[in-house]
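Working notes, beginning with the structure itself.
Protein chains: 2
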Amino acid sequence: MTDTNRQVLLAKRPVGEPVPDDFELVSSAIPTPGEGQFLARTIYLSLDPYMRGRMNAERSYSDPVPIGGVMEGGTVGFVEHSNHPEFATGDLVVGRAGWQEYAISDGTGMRKVDPATKPLSYALGVLGMPGMTAYTGLLNLGQPKKGETLVVAAASGAVGSVVGQIAKIKGCRAVGVAGGAEKCSFVTDELGFDACLDHHADDFEAQLAAACPDGVDIYFENVAGRVLRAVIPLFNFFSRMPVCGLISQYNLTEAPEGPDYLPVLMRAVLTNRIAMRGFIVRDYADQEADFLRDVGQWISEGRIKYREDRTAGLENAPATLIGLLKGNNFGKAIIEVSDDPLDA
Amino acid sequence: MTDTNRQVLLAKRPVGEPVPDDFELVSSAIPTPGEGQFLARTIYLSLDPYMRGRMNAERSYSDPVPIGGVMEGGTVGFVEHSNHPEFATGDLVVGRAGWQEYAISDGTGMRKVDPATKPLSYALGVLGMPGMTAYTGLLNLGQPKKGETLVVAAASGAVGSVVGQIAKIKGCRAVGVAGGAEKCSFVTDELGFDACLDHHADDFEAQLAAACPDGVDIYFENVAGRVLRAVIPLFNFFSRMPVCGLISQYNLTEAPEGPDYLPVLMRAVLTNRIAMRGFIVRDYADQEADFLRDVGQWISEGRIKYREDRTAGLENAPATLIGLLKGNNFGKAIIEVSDDPLDA
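Sequence lines, in order, name chains A and B.
Just so it is clear: in the first sequence, position 129 is 129 by the numbering used here, and no numbers are missing.
Just so it is clear: in the second sequence, position 79 is 79 by the numbering used here, and no numbers are missing.
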């Protein structure tokens with residue numbers, strides 16, 4: 001880091017898969033906080049699939065990033081200088097400072113991180129937005145019951161890994177889907193899922209059916225596409241489908257070629273009385289204390305494990321996000337933007 | 001009617017649209033009730049879209065009708081002779097005696113009809129299964145709130161007409177979809193919907209958008225197909241979609257040609273946090289008393305109106321069901337099987 005503030009801006013709206021030219025890395029002077037503001041140095045930046053949606057112009061659950069605007073993202077930062085009564089120099093803060101090395105904040109959406117959080121980057125993962133997404137979506141909408149079967153894709157990732165481990169804690173059979181043998185081994189051997197299937201396999205559909213001998217009661221939707229189509233015939237009566245993400249289709253620009261699977265889904269929803277529900281984590285903001293208590297305890301007991309995939313340097317964020325949308329990451333994607341004061 | 005019992009059997013499983021040869025009309029002697037049984041003469045037979053599903057071999061929420069079995073259906077009957085302690089000669093009963101002029105029953109699934117129900121066939125419609133489907137699906141899953149917009153297709157039909165009128169009673173804007181100008185006029189002029197659009201119109205999608213200037217909060221799904229695709233872009237945040245029926249796709253034998261609209265639906269479910277849920281009326285069997293009380297009162301107050309489309313003669317049931325699946329009926333389809341003792 002130097003005396004300049006490097007930022008990654010949205011240069012163009014991607015058509016289909018994002019490319020490096022859709023982003024622009026710029027440098028400017030480090031800004032000075034005004035009255036009631038503080039300056040935070042970004043330590044960690046979280047990269048997450050939802051960011052693809054923010055790059056589009058269309059209405060979503062949030063406003064798009066404007067062309068020329070700083071890319072949005074969750075961050076952990078270090079307060080370098082403060083004119084804000086509630087934040088002091090040296091505080092560690094988590095919030096949404098975006099893809100930049102320094103940010104000015106008036107405190108909106110920022111909260112202090114407990115310095116006992118180790119590693120600090122967990123505040124962006126298992127103890128942050130992705131972890132809370134898994135916890136709230138699974139418990140509120142998935143409603144896991146002992147003996148039921150759950151399927152979750154992106155099972156080695158930031159959300160899926162927590163979904164499956166909480167399902168196990170609740171007494172379910174957890175079946176993961178991931179890309180490649182290495183990730184699948186991690187999901188079963190390290191995370192303790194009952195099975196994990198490679199969605200690249202030619203006979204993936206048959207493998208999934210074999211791994212779910214009693215059908216599927218909960219499908220936690222992270223990916224859509226081939227995995228969703230493979231789950232549809234397996235749904236049990238009164239099954240639940242929290243819809244959290246659709247990573248396989250974020251780069252679609254229009255309805256893809258057929259056949260048309262919409263009637264197939266609708267028939268399954270009707271005959272099995274499936275409850276499908278889209279959600280985002282802030283719909284459950286009032287459950288944050290429960291989340292931090294429960295997941296913090298499960299981590300300390302060794303019942304939830306978590307893997308990160310770290311990349312150093314803000315300049316590598318665009319390529320890392322592009323790779324993330326292709327499934328190249330292995331674990332929660334984190335950009336190391338500047339030195340972590342808790343790393344001795 | 002003669003001394004014989006005519007029955008309509010399922011002769012073959014239809015491939016796509018049912019044809020007359022899929023049914024067989026047979027005659028046999030009128031059966032004699034044994035101990036604990038009664039003989040009911042069918043007065044009215046209800047024809048409903050779900051019957052198409054029972055003609056298939058595949059698993060659904062109910063078992064299929066076997067080849068050579070009597071077609072299933074709701075009926076109002078007159079007890080001709082009884083050896084059952086709870087039913088007496090002359091009682092009027094509603095149940096599922098199927099497509100036949102006489103049926104033997106041990107009372108399972110049968111209940112007496114209040115002879116004050118006029119016309120008696122309402123026990124198969126607005127005060128029977130279709131009415132209770134509308135009432136329970138809309139109130140439990142649709143959760144209508146004052147000022148919201150509801151869309152329902154098959155709006156002149158047995159379920160849709162009641163859905164829209166209850167939505168109006170709850171303070172919603174009710175937008176119907178129906179086939180043809182005559183049905184649409186009935187839906188607005190007689191039933192009091194705010195708008196009704198002809199799904200045959202070239203610019204149906206634009207008309208629907210114009211009729212829903214504040215978007216769609218509840219889409220009560222009866223039909224799927226073109227209507228569903230037109231509603232998808234109109235969903236508001238936190239909208240609800242009770243999935244009751246899919247009449248436009250019951251004759252499909254496989255996923256139709258593309259484009260593939262499944263990703264389009266999934267994106268809408270996620271970004272708008274739509275709650276979709278399949279249901280069937282017996283999921284809410286414990287709400288029957290509430291239903292009969294509320295809807296009975298609304299009918300007596302003139303707030304719910306109801307239209308029937310009657311056809312005389314059991315022999316006409318196959319052609320009537322075939323037509324129903326094409327939208328040829330105008331109002332609740334009822335087969336007049338034998339004389340109604342309440343018709344003076």
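Backbone N, C-alpha and C define an ideal beta-carbon position, used for all residues, glycine too.
DSSP three-state call for Ile322 of chain B: helix, strand or coil?
Of the three classes helix, strand and coil, the one that applies to Ile322 of chain B here is helix, per DSSP.
Give me the Cβ distance between Ala154 of chain B and Ala134 of chain B, rounded to the nearest whole Å; I'm assuming they're in contact under 8 Å.
Rounded, the Cβ-Cβ distance is 11 Å, inconsistent with contact.
When the cut-off is 8 Å and only beta carbons count, does Asn272 of chain A lie next to chain B?
yes
Which of helix, strand or coil does DSSP assign to Lys168 of chain B?
helix
Which residues of chain A have a Cβ atom closer than 8 Å to the Cβ of Val348 of chain B, listed in chain order?
Nothing about residue 348 of chain B can be read from this structure; chain B reaches only from 1 to 344.
Determine, for Ala224 of chain B, whether the minimum Cβ-Cβ distance to residues of chain A falls below 8 Å.
yes
According to DSSP, is Leu127 of chain B part of a helix, a strand, or is it coil?
coil
Can you name the residues of chain A whose CB is closer than 9 Å to the CB of Asp260 of chain B?
Ala255, Pro256, Glu257, Gly258, Pro259, Asp260, Tyr261 and Leu262
Of all Cβ atoms in chain A, is any one closer than 8 Å to the Cβ of Phe279 of chain B?
yes
Tell me the rounded alpha-carbon separation between Leu138 of chain B and Arg273 of chain B.
18 Å
Can you find at least 3 beta carbon pairs, one from the segment 31-50 of chain A and one from the segment 95-107 of chain A, that sit closer than 8 Å?
yes
I'd like to confirm the pairing. Which residues does DSSP put opposite Cys244 of chain B in its beta bridges?
The partner list for Cys244 of chain B (beta bridge, DSSP) is empty, contrary to what the question assumes.
Below 8 Å between beta carbons: does that hold for Thr320 of chain A and Glu336 of chain A?
no
Shortest alpha-carbon distance to Gly328 of chain B belongs to which of B:Gln7, B:Ser156 and B:Pro115?
Sequence inspection shows Asn at residue 328 of chain B; the Gly mentioned does not correspond to that position. Nearest C-alpha to Asn328 of chain B: B:Ser156.
In whole angstroms, give me the CA-to-CA distance for Met132 of chain A and Lys168 of chain B.
39 Å
What number of angstroms, rounded off, separates the C-alpha of Val15 of chain B from the C-alpha of Val26 of chain B?
22 Å
Strictly under 8 Å for the Cβ-Cβ distance: is Leu139 of chain A near chain B by that measure?
Closer than 8 Å: no.
Along the chain, which unbroken stretches of the beta strand (DSSP E) at least 3 residues long are found entirely within the segment 140-224 of chain A?
149-153, 173-178, 195-198 and 216-220
For Val227 of chain A, collect the residues of the same chain with a Cβ closer than 7 Å to its Cβ; drop the 5 residues on either side in sequence, then sort them by chain order.
Ala153, Val177 and His199
Considering only the alpha carbon of each residue, which of B:Asn316, B:Arg277 and B:Gln297 lies closest to Leu141 of chain A?
B:Arg277
If you draw a straight line from the C-alpha of Leu284 of chain A to the C-alpha of Cys244 of chain A, how long is it?
Reading the sequence as shown, one finds Tyr at residue 284 of chain A and not Leu. Using only the alpha carbons, I get a separation of about 13 Å.
What first and last residue would you give for the alpha helix (DSSP H) that runs through Ile334 of chain A?
Taken as a continuous stretch (DSSP letters only), Ile334 of chain A belongs to no alpha helix (DSSP H), being part of the beta strand (DSSP E) at Lys332 to Glu336.
Whole angstroms is fine: what's the gap from Ile334 of chain A's alpha carbon to Asp286 of chain B's?
51 Å
Run the CB neighbour count on Lys145 of chain A, radius 10 Å, all protein chains shown included, and call it buried at 16 or more, exposed below.
exposed
Roughly how many angstroms separate the alpha carbons of Gly107 of chain B and Leu9 of chain B, rounded to a whole number?
Separation of Gly107 of chain B and Leu9 of chain B (C-alpha to C-alpha, rounded to the nearest whole angstrom) is 22 Å.
Counting only Cβ pairs nearer than 8 Å, list the residues of chain A close to Ser60 of chain B.
Thr271
Just to confirm the assignment, what range does the alpha helix (DSSP H) spanning Gly296 of chain B have?
That run of the alpha helix (DSSP H) goes Glu288 to Ser300.
Rounded to whole angstroms, what is the Cα-Cα separation between Leu265 of chain A and Val113 of chain B?
38 Å
Looking at the strands, I want to know which residues DSSP matches up with Gly278 of chain A.
A:Val243
What does a CB cutoff of less than 6 Å around Asp217 of chain A pick up in its chain, not counting 5 residues either side in sequence?
Glu148, Thr149, Asn236 and Ser239
Could you tell me the distance, in whole angstroms, from the CA atom of Pro49 of chain B to the CA atom of Leu324 of chain B?
If I take the Cα positions, the gap works out to 7 Å.
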